[in-house]
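So the structure is just underneath, and the comments pick up after that.
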Amino acid sequence: MRESPLIEHLEELRTRLLWAIGAWGVMTAVAFTFRVQILDLLKRPLDAYNATATVKAELIVLNITEPFLTAFKVAAFGGIALALPFIVYQIWAFIAPGLYPHERRLAVPFLIGAGFSFAVGAVFAYFVLLPFAVPFLLGFLGDVVTPQISIGMYMGQILTFLGLMGILFEMPVVSYLLGRLGFLSSRFLISNWRIAVVGLVTLAAVITPTVDVVNLSLVTAPLLILYWISILLVRLAERSRPKEIESVPT
Numbered sequence: 001m002r003e004s005p006l007i008e009h010l011e012e013l014r015t016r017l018l019w020a021i022g023a024w025g026v027m028t029a030v031a032f033t034f035r036v037q038i039l040d041l042l043k044r045p046l047d048a049y050n051a052t053a054t055v056k057a058e059l060i061v062l063n064i065t066e067p068f069l070t071a072f073k074v075a076a077f078g079g080i081a082l083a084l085p086f087i088v089y090q091i092w093a094f095i096a097p098g099l100y101p102h103e104r105r106l107a108v109p110f111l112i113g114a115g116f117s118f119a120v121g122a123v124f125a126y127f128v129l130l131p132f133a134v135p136f137l138l139g140f141l142g143d144v145v146t147p148q149i150s151i152g153m154y155m156g157q158i159l160t161f162l163g164l165m166g167i168l169f170e171m172p173v174v175s176y177l178l179g180r181l182g183f184l185s186s187r188f189l190i191s192n193w194r195i196a197v198v199g200l201v202t203l204a205a206v207i208t209p210t211v212d213v214v215n216l217s218l219v220t221a222p223l224l225i226l227y228w229i230s231i232l233l234v235r236l237a238e239r240s241r242p243k244e245i246e247s248v249p250t
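Position one of the sequence shown corresponds to residue 1 (the UniProt record's numbering), numbered consecutively onward.
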């Protein structure tokens, strides 16, 4: 007896989730073997602060499990970053049967764009934002205090910021995909640009690790640029969409 379409969809969803989780696990294991190198890389913004600070900041361990948990946290982040294209592919493969052939051809550029955009966002945060944010936060009280930072908390905050910026940099890629599929229009984005600016500035204020204008601007400016890039990409998508729709068999 054949299973119902709902059961078949749920079975396929379960399979895709298992593949995605499996890829994450494998890539986490790979990243775990390089945990020392990754930890050293993530510690460099703090090292840059110590190079010029009068009172040096120290990373400390507060309990016996913190080193292992921190290493695992770092490896898990590295694993999801490495497995992201495959995970996105599993999501796409699940929804692709419900799309037209011309829509399914978007899979490869979308996968490449998603991985590249996430990497650009994380790199931007690491090389542009953190060198300003870490010294500002640690030097806020000057020489009054000696910074002693839990390594788990430090790595968690750094990874959270890198991940958030990586996700936010997906805006143009997602917008282009929605534009090609007909779910988003450039007219909508343009007519609501004022609301978008307010929303993006508010979002930047929430995720910015400091309260100064410089760091807020460093987060807000790329978000606004990404928004206008999204408008341009959606316009490009709209120009190609009518031709594709005409070729869809009826």
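Backbone N, C-alpha and C define an ideal beta-carbon position, used for all residues, glycine too.
- Here DSSP, grouped into helix, strand and coil, assigns L59 to strand.
- By DSSP's assignment, Q148 forms a beta bridge with E58.
- Residues K56, A57 of the same chain have their beta carbon placed closer than 7 Å to that of N50, with the five preceding and five following residues left out of the count.
- Runs of alpha helix (DSSP H) with 4 or more residues, each lying fully within the segment 164-197, are found at 171-181, 186-191, listed in chain order.
- The continuous alpha helix (DSSP H) containing T28 extends over residues 5-33.
- Between R16 and Q90, the C-beta spacing is below 9 Å.
- Beyond the five residues adjoining it in sequence on each side, A237 comes within less than 7 Å, by CB distance, of Y176, G179, R180 in the same chain, given in chain order.
- Looking at A133, L162, G182, the one whose alpha-carbon comes closest to that of V213 is A133.
- Of the other Cβ atoms in all chains shown, fewer than 16 fall within 10 Å of the Cβ of Y100; this residue is therefore exposed.
- Under the three-state reduction of DSSP output, I91 falls in the helix class.
- K43 sits in coil when the DSSP states are folded into three classes, being neither helix nor strand.
- Taking every protein chain shown into account, the CB of M153 has fewer than 16 other CB atoms within 10 angstroms, so this residue is exposed.
- It is roughly 13 Å from the alpha-carbon of I112 to the alpha-carbon of P172.
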